[in-house]
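A.B. asks: When you line the sequence shown up against this note's numbering, it's residues 308 to 599, in that order. Here a beta-carbon is modelled for each residue, glycine too, at the ideal position from N, C-alpha and C.
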Amino acid sequence: MVHGLDRAYERLTGLAVAALNEREPERLWPLLADAVTGLCGGETLIYKLDDWSEGEGTLGLSPATADALDRLGDEALGVLRSGYPFARHYAAGPGRMPVTARRLAGRAWPVSETARVLGDGLDLNQVLALPLPGTVAPITGCLVYRSGADFTEDHLRIAERAQPVLAAVEQQRRLLEQWRRSSAPAGAAEQSAAECTLTPRELTVLLLLTDALTADAIGRRLGISARTVHKHVENIYRKLGTRDRLGTVLHAQRLGLVPAPGPARSGRRPAAGKSGGQRRRPLGTVVARDDQ
308 MVHGLDRAYE
318 RLTGLAVAAL
328 NEREPERLWP
338 LLADAVTGLC
348 GGETLIYKLD
358 DWSEGEGTLG
368 LSPATADALD
378 RLGDEALGVL
388 RSGYPFARHY
398 AAGPGRMPVT
408 ARRLAGRAWP
418 VSETARVLGD
428 GLDLNQVLAL
438 PLPGTVAPIT
448 GCLVYRSGAD
458 FTEDHLRIAE
468 RAQPVLAAVE
478 QQRRLLEQWR
488 RSSAPAGAAE
498 QSAAECTLTP
508 RELTVLLLLT
518 DALTADAIGR
528 RLGISARTVH
538 KHVENIYRKL
548 GTRDRLGTVL
558 HAQRLGLVPA
568 PGPARSGRRP
578 AAGKSGGQRR
588 RPLGTVVARD
598 DQ
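1) Can you tell me which of the three DSSP states Pro-320 falls into?
2) State buried or exposed for Ser-532, treating a residue as buried only when at least 16 other CB atoms are found within 10 Å of its CB.
3) On the premise that Leu-520 lies in contact with Val-565, defined as a C-beta separation below 8 Å, what is that separation, rounded to the nearest angstrom?
4) Does the segment 481 to 490 come close enough to the segment 309 to 318 to have 3 or more Cβ pairs within less than 8 Å?
5) Scan the segment 420 to 493 and note each continuous alpha helix (DSSP H) run of 4 residues or more that stays entirely inside, going in chain order.
6) Between Ala-501, His-539, Asp-523, which has its C-alpha nearest Thr-511's C-alpha?
7) Under 6 Å Cβ to Cβ from Cys-449, same chain only, skipping five residues before and after it: list those, please.
8) Excluding the 5 residues flanking Leu-338 on each side, which residues of the same chain have their C-beta closer than 7 Å to its C-beta?
9) When burial is assigned at 16 or more other CB atoms within 10 Å of the CB, is Val-418 buried or exposed?
10) DSSP three-state call for Val-406: helix, strand or coil?
11) Ile-353 by DSSP, collapsed to three states: which one?
12) Determine the extent of the beta strand (DSSP E) in which Leu-368 is found, giving its start and end residues.
Structure, rendered in structure tokens:
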């Protein structure tokens, strides 16, 4: 299965490269969702979009799952939102290894209320939790579902190898959203970026340059090496016709590519839990935070 793992990781890496060249943040996770589902041996996938409780919050769903959830009542949705048996498991410590509900809960899983809701409402009986590494409450990630036998050891290995790839895409999505909020009017900023031929990845590096982060710090944020950061910075200098960090940031501010100092920088990431308690969205909406 070693070669199978390598091929799976190569596929995820290729999809991640495509995602990192996508300018629309709301399209990033949909580029990966179907692949993750199939590579991990699942039939459908749910990712959680914001801070949520049993009574409110948004779920990112595949169309088939969305149709099925339309038939579930609020009580059944609340059971799914409770995150059994993963919520308590991941809240207990920093470990973020993928795990299945059956392995975690043992004999208690098939007779749990969550398993009953999945079986009756969605005709599914197995769940694999795939949290993103390094996240704290609320934990970002997704749940992969299937019917029949539990997920195999190979599926768990693939899920583990997918974690850093998914984390990189999620970080990119958040930064692109921050760039949209904090820059000039979205249309003008995106036009300027296109005219300068800046890639989405270069835009996120440029945004972090305005925070006076070092190459090492930027690399840690993006999950890349400092050498790769320097390469992106060199490309930014070349495309903007600048020679140093300060000149680059000032020029980018004049072009409306990044926020200017002062009130314009107030467009930071909104506080968690401000989503208005939406129930669900079809696959293709923005993935955000999750309270497994």
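C.D. replies: Quick look at the numbers:
1) Translated into the one-based positions of the sequence shown, residue 320 becomes position 13. Checking the sequence, you will find Thr at residue 320 rather than Pro. Residue state, collapsed to three classes: helix.
2) Reading the sequence shown from its first residue, position 225 is the one you call residue 532. By the 10 Å Cβ count, Ser-532 comes out exposed.
3) Position 258 of the sequence shown holds residue 565. Position 213 of the sequence shown holds residue 520. With a Cβ gap of about 13 Å, Val-565 and Leu-520 do not count as contacting.
4) No: the two stretches stay apart, fewer than three of their Cβ pairs being nearer than 8 Å.
5) If we require 4 residues or more, the alpha helix (DSSP H) runs fully inside the segment 420 to 493 come out as 420 to 424, 460 to 489.
6) Residue 511 sits at position 204 when you count from the first residue of the sequence shown. Comparing Cα positions, the closest option is His-539.
7) As a working note, residue 449 is residue 142 in the sequence shown. These residues qualify, in order along the chain: Leu-352, Tyr-354, Leu-437.
8) Indexing the sequence shown from 1 puts residue 338 at position 31. Leaving aside the five residues that flank Leu-338 on each side, the residues in its chain whose CB is nearer than 7 Å to its CB run, in chain order, Leu-322, Ala-325, Ala-326, Glu-329.
9) Stepping through the sequence shown from its first residue, residue 418 is reached at position 111. Counting Cβ neighbours within 10 Å, Val-418 comes out exposed, since fewer than 16 surround it.
10) The residue given as residue 406 occupies position 99 in the sequence shown. Here Val-406 sits in strand by DSSP.
11) Counting from one through the sequence shown, the residue named residue 353 turns up at place 46. DSSP places Ile-353 in strand when its eight states are reduced to three.
12) Position 61 of the sequence shown, counted from the start, is the residue given in the question as residue 368. For Leu-368, the enclosing beta strand (DSSP E) stretches over residues 366 to 368.
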